[in-house]
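Asks: Residue numbers (full-length UniProt numbering): 1 to 637. One structure, pasted below without further comment.
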């Protein structure tokens, strides 16, 4: 095994006289299947193509984009594992100082909107070379989209980047077909029938056909209702069985999204994960301290793709799809055996999961022929009556993995869908999860307790989590362990009022939960929740949705979830006053915070004033009574 070349010297060591594809990425080069660049480049290599990686080129000097010269077939461009704007900025739009996907862990090695910057430079330097976009940033920005950092609607990233083709979703098969046709000498125009891609054409060249015609870029800029409608339709068509061609007009051009590429079969997925990954960062980064992002995934194993949970704030449904595809049991176990041979392996597998760890089956039999339901979720607000629930194969994988010589522990960290787990009449998996696969803490995602907010999130109601919580601690006690749940919680999601945040704070107090971290809702491209945030409409009903947008209110909602932190006392008091819940300020059993000194002084002063007023009133009453009595006496006379 060997890393793919990232320098001219490494290309020469391989004896290559030319390169077929140059892969430009905003991340440091990590050859691990948790990194999209690694998967796509290894897939191309396995198909016989020569691929070089141009990692984090300094965009401030265009000469850094031509160390390999012009590739024979074209360029692939990605920002890396996540959207470059999310990588660079917090939800409060403050610049991050760290970067998990950069050697040394420091930010500043990729530009904002990396896909656009890289692609434009390549177009300038190599005007005739095909440029193909891929990865999360491109995939989620393929249509006109609300951009939180600009606070405006931007056109499709294809137009801004000046690229030729955009591959959306998990791109192995699109990439294989694109490479094959380019190698046959076909032009970019001859790629336009490939599934799972987007391209654009002048309106005059477009041939009308049976398509889903979205509201145009101009309309979604002008009308929030049209934006909400477009967002819903985009997600509805992201289904490999029933998804149709989708178009969106941008001025004199038409953006065309071909129907989705079908997910990889189990055999194809097994092949992809059998490729010769080094499972580590490139050795040139060692002097910088390596790439932090490898730590969580180096000894983790992916066994599935897709997620039918489809939370509204999550982009997985729009990128990977809702349909579940899985690797075979033997493929997963083979990877575990290979990990044992790794000299860095200490016996602990950190995760056997995916977008959701405990999904191994399609959610129902209906979807194979008809696709996923268009206007219904599988699990929320209540599980569908057609839901298939079974953990047997997952249990078998974990049991056999635990038995492999050299493996001490197998943990599950990528997230258990607790509502799905609670639908399993057999408690076998739940019991084994608690007994063998929790490393002290199990992270789960109830997100909120307000039914109104959870409905907007596309999550189950809190009663399901409470039942799960009770079962978890019951089984934990039975196996004689000290283990805890760590709930993920989200503040300021569309639909969440200050009243809802207070309700969540009271729930946390009652359940003795003190979250160390709270995630503010982050409006990232490609989600229904982001469409709600921007439009203040529910895309499914077009009914108004309350959206906390000011930094002040977002701060209040976040602070309420950590009401116990002394640093938050002042803002919590302010939030409770604004919510009309001053009854929760004080020393009572149900109070969230004690009364601040200035409020206590004010209350004491008010009390004294009230006493003075009472005395005055008392004196007035005495005088009034005296006058009344005197009057009566006069009458009797």
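Heads up, the beta-carbon is just placed ideally off N, CA and C, and yes, glycines get one too.
Does DSSP put residue 443 in a helix, in a strand, or in coil?
Replies: As a position in the chain shown, residue 443 is number 443, starting the count at 1. Strand at residue 443.
Asks: Would the region 315-322 and the region 516-528 be scored as touching if the rule is three or more Cβ pairs under 8 angstroms?
Replies: The answer is yes - the region 516-528 touches the region 315-322, with three or more Cβ pairs under 8 angstroms.
Asks: Have a look at 187, 206, 476, 165 and flag the residue whose alpha-carbon is nearest the alpha-carbon of residue 199.
Replies: If you number the chain shown from 1, residue 199 lands on position 199. Nearest C-alpha to residue 199: 165.
Asks: Classify residue 51 as helix, strand or coil using the three-state DSSP reduction.
Replies: Reading the chain shown from its first residue, position 51 is the one you call residue 51. DSSP places residue 51 in strand when its eight states are reduced to three.
Asks: Sorted by chain position, which residues of the same chain lie with C-beta nearer than 7 angstroms to residue 582's C-beta, five sequence neighbours on each side aside?
Replies: As a position in the chain shown, residue 582 is number 582, starting the count at 1. Taken in chain order, the residues that qualify are 576.
Asks: Compare the Cα-Cα distances from residue 487 to each of 516, 228, 194, 284 and report the closest residue.
Replies: Counted from its first residue, the chain shown places residue 487 at position 487. Looking at the Cα atoms, 516 is the closest of the given residues.
Asks: Suppose contacts are defined by Cβ-Cβ distances below 8 angstroms. Is residue 495 in contact with residue 546 by that definition?
Replies: Walking along the chain shown from the start, residue 495 turns up at place 495. Walking along the chain shown from the start, residue 546 turns up at place 546. For residue 495 and residue 546, yes; Cβs fall inside 8 angstroms.
Asks: The alpha helix (DSSP H) with residue 257 in it runs from where to where?
Replies: For the purposes of this step, residue 257 is identified with residue 257 of the chain shown, where counting begins at 1. Not the alpha helix (DSSP H): residue 257 falls in the beta strand (DSSP E), residues 253-257.
Asks: Within 10 angstroms of its Cβ, does residue 541 collect 16 or more other Cβ (buried), or is it exposed?
Replies: Locating residue 541 in the chain shown gives position 541, where the first residue counts as 1. The residue in question, residue 541, is exposed, as its Cβ has fewer than 16 Cβ neighbours within 10 Å.
Asks: Apart from the five residues on each side of it in sequence, which residues of its chain come closer than 7 angstroms, Cβ to Cβ, to residue 356?
Replies: Your numbering for residue 356 matches position 356 in the chain shown. Cβ within range, chain order: 307, 309, 415, 417.
Asks: Since residue 36 is in the alpha helix (DSSP H), which residue starts that stretch and which ends it?
Replies: Your numbering for residue 36 matches position 36 in the chain shown. From DSSP, the alpha helix (DSSP H) with residue 36 extends over 36-46.
Asks: Less than 6 angstroms between C-beta atoms, sequence neighbours within five positions excluded: which residues of the same chain meet that for residue 636?
Replies: Here residue 636 refers to the residue found at position 636 of the chain shown. Confidence at residue 636 is low in this model, with a pLDDT of 33, below 50, so the placement of that residue should be treated as unreliable; the coordinate-derived value is given next. Cβ neighbours of residue 636 beyond the five flanking positions: none.
Asks: Alpha carbons only, please: which of 425, 179, 595 is nearest the one belonging to residue 388?
Replies: Numbered from its first residue, the chain shown carries residue 388 at position 388. For the residues 425, 179, 595, the minimum Cα distance to residue 388 belongs to 425.
Asks: Throw me the rounded Cβ distance for the residue 434 and residue 472 pair, which I believe falls under 8 angstroms.
Replies: Mapped onto the chain shown, residue 434 falls at position 434. Mapped onto the chain shown, residue 472 falls at position 472. Yes, residue 434 and residue 472 are in contact; Cβ-Cβ is about 6 angstroms, under 8 angstroms.
Asks: So, under 8 angstroms CB-CB, residue 422 and residue 464 are touching, yes? Tell me the CB distance rounded to an integer number of Å.
Replies: Position 422 of the chain shown, counted from the start, is the residue given in the question as residue 422. Position 464 of the chain shown, counted from the start, is the residue given in the question as residue 464. About 6 angstroms; that satisfies the 8 angstroms criterion.
Asks: Residue 586 and residue 595 look like a contact to me (Cβ under 8 angstroms); what is the Cβ gap, rounded to whole Å?
Replies: Here the question's residue 586 lines up with position 586 in the chain shown. Here the question's residue 595 lines up with position 595 in the chain shown. Right, their Cβ atoms sit about 5 angstroms apart.
Asks: For residue 552, count the other beta carbons within 10 Å of its own beta carbon; 16 or more makes it buried, fewer makes it exposed. Which is it?
Replies: Taking the chain shown and counting its residues from 1, one reaches residue 552 at position 552. Under this definition residue 552 is an exposed residue.
Asks: Judging by CA-CA distance, which residue of 286, 84, 48 is the nearest neighbour of residue 30?
Replies: In the chain shown, the residue the question calls residue 30 occupies position 30. Ranking 286, 84, 48 by Cα distance to residue 30 puts 286 first.
Asks: Taking the runs of the alpha helix (DSSP H) that are 4 residues or longer, which of them lie wholly in the region 99-130?
Replies: Runs found: 114-125.
Asks: Measuring alpha carbon to alpha carbon, tell me which residue in 117, 371, 281, 98 is nearest residue 108.
Replies: Looking up residue 108 in the chain shown gives position 108. Residue 98 is the option with its Cα nearest to residue 108.
Asks: Is the distance from the Cβ of residue 62 to the Cβ of residue 125 below 8 angstroms?
Replies: Here residue 62 refers to the residue found at position 62 of the chain shown. Here residue 125 refers to the residue found at position 125 of the chain shown. Contact: yes.
Asks: Can you tell me the Cα-Cα spacing of residue 89 and residue 80, whole angstroms?
Replies: What you label residue 89 is simply residue 89 of the chain shown in a count that begins at 1. What you label residue 80 is simply residue 80 of the chain shown in a count that begins at 1. Rounded to the nearest angstrom, the two C-alpha atoms are 15 angstroms apart.
Asks: According to DSSP, is residue 27 helix, strand or coil?
Replies: The residue you call residue 27 lines up with position 27 of the chain shown. If DSSP states are grouped into helix, strand and coil, residue 27 belongs with coil.
Asks: Indicate whether residue 215 and residue 229 have their beta-carbon atoms separated by less than 8 angstroms.
Replies: Taking the first residue of the chain shown as position 1, residue 215 is located at position 215. Taking the first residue of the chain shown as position 1, residue 229 is located at position 229. Against a cut-off of 8 angstroms, the Cβ pair of residue 229 and residue 215 comes out as a contact.
Asks: Out of 539, 220, 213, which has the shortest C-alpha to C-alpha gap to residue 147?
Replies: Taking the chain shown and counting its residues from 1, the one referred to as residue 147 is at position 147. Out of 539, 220, 213, 220 has the C-alpha closest to the C-alpha of residue 147.
Asks: Excluding five sequence neighbours on each side, which residues of the same chain lie with their C-beta closer than 6 angstroms to the C-beta of residue 519?
Replies: Mapped onto the chain shown, residue 519 falls at position 519. Within the same chain, 490 come within 6 angstroms of residue 519 by CB-CB distance, once the 5 residues on both sides are set aside.
Asks: Find the nearest neighbour of residue 380 within the set 452, 333, 235, judged by alpha-carbon distance.
Replies: By 1-based counting over the chain shown, the position of residue 380 is 380. Taking only the C-alpha atoms, the option nearest residue 380 is 452.
Asks: Would you mind listing the beta strand (DSSP E) stretches within the region 408-469 that are 3+ residues and don't spill past its ends, in chain order?
Replies: 441-447
Asks: Alpha carbon to alpha carbon, how far is residue 69 from residue 12? Give it in angstroms, no decimals.
Replies: Against the chain shown, residue 12 aligns to sequence position 12. Against the chain shown, residue 69 aligns to sequence position 69. One C-alpha to the other measures close to 13 angstroms.
Asks: Look at the alpha carbon of residue 112 and the alpha carbon of residue 75, and state the distance between them as a whole number of angstroms.
Replies: Within the chain shown, the letter at position 112 stands for residue 112. Within the chain shown, the letter at position 75 stands for residue 75. Answer to the nearest angstrom: the Cα atoms are 20 angstroms apart.
Asks: Within 10 angstroms of the Cβ of residue 440, are there 16 or more other Cβ atoms? Answer buried if so, exposed if not.
Replies: Working through the chain shown from its first residue, we reach residue 440 at position 440. Exposed, because fewer than 16 other Cβ atoms sit within 10 Å of the Cβ of residue 440.
Asks: Go ahead and pull the three-state DSSP assignment for residue 364.
Replies: Reading the chain shown from its first residue, position 364 is the one you call residue 364. Residue state, collapsed to three classes: coil.
Asks: Expressed to the nearest angstrom, what Euclidean distance is found between the alpha-carbon atoms of residue 304 and residue 33?
Replies: For the purposes of this step, residue 304 is taken as residue 304 along the chain shown, with counting starting at 1. For the purposes of this step, residue 33 is taken as residue 33 along the chain shown, with counting starting at 1. Looking at the two C-alpha atoms, the distance is approximately 13 angstroms.
Asks: On a Cα-Cα basis, can you pick out the residue from 485, 429, 409 that is closest to residue 445?
Replies: Here residue 445 is taken as the residue at index 445 of the chain shown, counted from 1. Comparing Cα positions, the closest option is 485.
Asks: Where does residue 200 fall in DSSP's three states?
Replies: On the chain shown, residue 200 is found 200 positions in, with the first residue counted as 1. Strand at residue 200.
Asks: So which of 194, 504, 280 has the shortest CA-CA distance to residue 514?
Replies: Sequence index remark: in the chain shown, residue 514 carries index 514 (1-based). Considering only 194, 504, 280, the residue with the shortest C-alpha distance to residue 514 is 504.
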